[in-house]
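Q:
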Ligand SMILES: *Cc1c(COP(=O)(O)O)cnc(C)c1O
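Numbering (my numbering), first residue to last: 2 to 438.
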């Protein structure tokens, strides 16, 4: 199915930079710019009220408190734990943020190393780079539902990659993993473990992967596990019986995006590994009078302050736990609403990604900013998503479906292979629900 929404998004904006011309006085110029920017603000406000399909928390309003810091260039060049000649940095904030995550992921402060990245992608690249440096002839194993940044990082690192199948939930198929590990026993394994896949939120079972490695005779010095926890890394620690991953288990690194569950005005993320892994990777650079061990040289010094402030304002672990519970409840609400309307839908346990039948028209997909994959679409019930938004979405969807399917000429998609027989409401599998289109 084609996913071309450029004809919907192609609105006319004239943002050409105009050189000052004689007649235009400063006041006119300012007025013109203010008009453009305030229109753009309105546009953003409208778009964020209809923001359902991506992993971004739009609830960033507390961060406007930090606007005085926009007067400064803040640059955390190099290692967050090393001072530099460049004094305009926020490394104190960065280390405070890292310590918070270290406690969450159960590693002592003097045993980890990490930094605030430009997002999950940079953190994943840093992880695979480290893994490959530690196990130079290692093969990367990643499930086919891994984020595209993993395969991009593999290309950058020129790593051999074995792609592993997945179960209906989106989690890695350990039977397939076992076969491929066995077939490549002579080479070490670098494993990308999804703590929540991008589309379905499937969580790879760490214990089962460890058991599989053991059964295939991979001793601890012959594997490196990176946990890609972009969104779910800030959900799973707050679940009572949720899947746990932490440095108490033999993992090498973790990445999380801070603009996802937590929310931030700009993309940012956290990368964390064991301190001993980074030693060989670091280089002393005289010019910046610090240690270079991060992918970016100059690094965003505002981001750690944003994360630090958000964590404080959202009341740390306790506050996040509440937010997560609200999202889980709202996700179940949406799932039930879709199910009752006779629409194919799947929600993994303790998850906020509601996967359902792809809406037929692009206008609708664009309006609600849904992300789609083949026959599926998903809504991610992030903290900014209210019950009111979900109600509006549900009634809009059911109304549009009357139009799409009302005449009976268009056949409904069968999603049995995508989300399982029991979740499919097509005319063959729908058991009674199907009477409602
Ligand atoms: C979003 C996502 C990423 C990439 O994160 P960015 O912050 O967008 O670079 C990586 N992995 C998974 C599973 C994701 O969902």
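Just so you know, even glycine gets a beta-carbon here, dropped at the ideal spot from N, CA and C.
(1) Any contact between the stretch 149-158 and the stretch 112-126? By contact I mean 3 or more CB pairs, one from each, below 8 Å.
(2) Run through the stretch 99-176 for me and flag every whole alpha helix (DSSP H) of 4 or more residues, listed as ranges in chain order.
(3) Under three-state DSSP, which class holds residue 284?
(4) To the nearest angstrom, report how far apart residue 180 and residue 174 are at their CA atoms.
(5) Inspect the beta-carbon positions of residue 81 and residue 104 and report whether they are closer than 7 Å.
(6) Relative to the C-alpha of residue 56, which residue among 410, 197, 167, 132 is closest?
(7) Of all the options 261, 158, 16, which has the alpha carbon lying nearest to the alpha carbon of residue 41?
(8) Output the distance between the C-alpha atoms of residue 344 and residue 368, rounded to the nearest integer angstrom.
(9) If you draw a straight line from the alpha carbon of residue 193 to that of residue 178, how long is it in whole angstroms?
(10) State whether the stretch 247-258 contacts the stretch 212-226, with contact taken as three or more CB pairs (one from each stretch) at a distance under 8 Å.
(11) Given a cut-off of 7 Å, decide if residue 115 and residue 273 are closer than it, judged by their beta-carbon atoms.
(12) Quick check for students: name the residue ranges of the alpha helix (DSSP H) that lie wholly in the stretch 309-376, counting only runs of 4 or more.
(13) What is the residue span of the alpha helix (DSSP H) that residue 399 lies within?
(14) Rounding to the nearest angstrom, what Cα-Cα distance links residue 325 and residue 358 in this structure?
(15) Here's the rule: buried if 16 or more other CB atoms are within 10 angstroms of the residue's CB, otherwise exposed. What is residue 418?
(16) Please report how far the alpha carbon of residue 90 lies from the alpha carbon of residue 293, in whole angstroms.
(17) Counting C-beta neighbours from all protein chains within 10 Å, is the total for residue 475 16 or more, i.e. buried, or is it exposed?
(18) Any idea if residue 229 is buried or exposed, counting beta-carbon neighbours within 10 angstroms, 16 or more meaning buried?
(19) By Cβ distance below 7 Å, which residues in the same chain neighbour residue 51 in space, the five residues on each side in sequence not counted?
(20) State the Cα-Cα distance for the pair residue 64 and residue 271, rounded to the nearest angstrom.
(21) Kindly list the residues whose CB is nearer than 6 Å to the CB of residue 209, restricted to its own chain and excluding five residues on each side of it in sequence; keep chain order.
(22) Would the stretch 383-399 and the stretch 238-247 be scored as touching if the rule is three or more Cβ pairs under 8 Å?
(23) Let me check you understand the geometry: is the CB of residue 150 closer than 6 Å to at least one non-hydrogen atom of ligand 1?
(24) Taking only runs that begin and end inside the stretch 176-217, name each unbroken beta strand (DSSP E) of 3 or more residues, in chain order.
(25) How would you label residue 442, buried or exposed, when you count the other beta carbons within 10 angstroms and need 16 or more for buried?
(26) Going by CA-CA distance only, name the one from 243, 403, 295, 75 that's closest to residue 360.
(27) Between the alpha carbons of residue 147 and residue 33, how many angstroms are there, rounded?
(28) Does residue 143 have its Cβ less than 7 Å from a Cβ in chain C?
A: To lay it out plainly:
(1) yes
(2) 121-135, 149-157
(3) strand
(4) 10 Å
(5) No, these two residues do not count as a Cβ contact at 7 Å.
(6) 197
(7) 16
(8) A direct Cα-to-Cα measurement between residue 344 and residue 368 gives close to 19 Å.
(9) Whole-angstrom Cα-Cα distance: 12 Å.
(10) yes
(11) yes
(12) 317-341, 363-369
(13) That run of the alpha helix (DSSP H) goes 388-406.
(14) 25 Å
(15) So residue 418 ends up on the exposed side.
(16) 15 Å
(17) Lying before the first or after the last residue shown, residue 475 is absent from the chain, which here runs from 2 to 438.
(18) buried
(19) The answer, listed in chain order, is 368, 369, 370.
(20) 18 Å
(21) Cβ neighbours of residue 209 beyond the five flanking positions: 175.
(22) no
(23) yes
(24) 190-195
(25) Here the chain comprises residues numbered 2 to 438, so residue 442 is not present and cannot be evaluated.
(26) 403
(27) 45 Å
(28) Judged by its chain identifiers, the structure shown contains no chain C, having just a single protein chain.
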